[in-house]
C-alpha cells in the first residue's frame, strides 16, 4: 500500500511540477457545465454497460440473477474499486457478494475474472480496429506497430487460456492446475462460443468507446481542441495502463499516461492534466452511490439460491 501511494503521489507531483498551473485554473474557470454533465451521463452509461457485460458472463456459467441484481453488485464493486486502496478490492467484493447470494465459489470467482478478461479483449479489439490511427501518426515504425502487436498478443493469450481445460487428467491432482483447468473451461464457454463472446466483447467495446466519448465531451467543455478518434484511441491505452495494480485507483498513472499520450496529438500538458483529474473526480462521484447500496444491503441472504432483490436488500422488490 505504501509503495502504491508513493507511486501515485510521485507521478502526480512529477506531472504538476512541469505544468503551468495558471493555465489549468483558467481552463477550469471557463468550463461549460452542460458538457460536464453530459460527460458524466456517458460515464454512467459506461458503468451500466460494464454490468451488462458481467451479466452476460454470469448467465453463461450458470449464475441465475436479474440484470438489476447484477448491476447493484457491480456498482458496489465499483465503489470499492474507487475508494479502497487495494487495486482488486472491487473484484473481491463482487466475488464475495456473488457467492454470499447463491453462486458457487467457482462460478463467483470465474465470472469476475472472465469479466476482466472480456474488458481487456474489448480494448484489444478496439486497438486493432483503430490501428490505422497509429500508422498515420507514427508510420510503420515501432511506435505504430507496437499497440497492434500487443493487442493481438492479448487476444491470442485469451484463446490460449481457453485451452487449459484440455490439461491431462493426471495433472489435475495439483490444485493450481485443477483450478486453472476449470477457469479454462469457463473461458471456453464464454470466449469460444459466438452467442456469448459477441455480446460480452461487444459491450466491452461499446463501453470503452463511451469512455473515449466522455473524454471528448469533457475536452470540449474545457475548450481543448482534440478529435473524437484521438480520445477513443488514447483512452484505450490509458485504460490498459491504469488496470495494472501499481497505484491507488489509477491516480498518478492515469495522469502521466494522459499527459504523455495526448502530447502525441499536440495537446498541452496542462490541458491533459485537467482532463485526467476531472475524469477521476467524476468517476469518484458516480461510484459513490455504490457505497450506499453496500450500507443498506442485508448481511445475510434469505436462502443459498435466492438472488432476488428482496434477499439482497431485505425488502420486497418491484420488477
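In my numbering, the protein residues as written are 4 to 322. Each residue gets a CB set at the ideal place from its N, CA and C atoms; glycine is no exception. The model shown is predicted, which means the values in this text are computed figures rather than measured ones.
Whole-number beta carbon distance between residue j and residue i, since they are thought to touch under 8 Å
i	j	result
residue 261	residue 241	6 Å
residue 189	residue 113	4 Å
residue 115	residue 94	5 Å
Nonlocal neighbours in the same chain, by C-beta distance under 6 Å from residue i, ignoring five residues either side
i	result
residue 16	none
residue 303	Unreliable placement is indicated for residue 303, whose pLDDT of 48 sits below 50; no coordinate value is reported for it.
residue 308	Confidence at residue 308 is low in this model, with a pLDDT of 42, below 50, so its placement is unreliable and no value can be given for it.
residue 206	52, 55 and 56
residue 306	Residue confidence for residue 306 is low, a pLDDT of 45 falling below 50, so the modelled location carries little weight; the figure read from the coordinates is stated next. Taken in chain order, the list of residues that qualify is empty.
residue 111	98, 101 and 102
residue 200	194
Close Cβ partners of residue i (< 8 Å) along its chain, the five nearest in sequence each way excluded
i	result
residue 187	164, 165, 166, 167, 168, 169 and 170
residue 133	232, 235, 236 and 239
residue 151	130, 131, 134 and 137
Candidates the options: closest to residue i by CA position
i	options	result
residue 13	114, 251 and 178	251
residue 79	211, 97, 37 and 70	97
residue 122	71, 33 and 214	214
residue 38	274, 245, 216 and 102	216
residue 244	138, 131 and 258	258
residue 268	156, 42, 140 and 54	140
residue 49	286, 116, 131 and 143	286
residue 46	281, 148, 76 and 273	281
residue 203	112, 120 and 100	120
residue 275	75, 87, 256 and 82	256
residue 230	270, 198 and 76	270
residue 42	212, 179 and 115	212
residue 283	84, 34, 73 and 173	84
Nonlocal neighbours in the same chain, by C-beta distance under 7 Å from residue i, ignoring five residues either side
i	result
residue 278	218, 221, 222, 225, 227 and 261
residue 31	277
residue 379	No statement about residue 379 is possible, as the shown extent of the chain runs from 4 to 322 and does not include it.
residue 295	none
residue 184	167, 168, 170 and 175
residue 297	79 and 82
residue 208	125, 128 and 129
residue 154	127, 130 and 131
residue 293	78, 79, 81 and 82
Quick test of the definition: if touching needs 3 or more C-beta pairs under 8 Å, does the region 54–73 touch the region 182–201?
Here the region 54–73 makes contact with the region 182–201; the two share three or more CB pairs at distances below 8 Å.
For the region 148–158 against the region 125–134, are there 3 or more C-beta pairs whose distance is under 8 Å?
Contact holds: three or more Cβ-Cβ distances are below 8 Å.
Check whether the region 103–117 and the region 64–75 touch, using three or more Cβ-Cβ pairs below 8 Å as the test.
The region 103–117 is in contact with the region 64–75.
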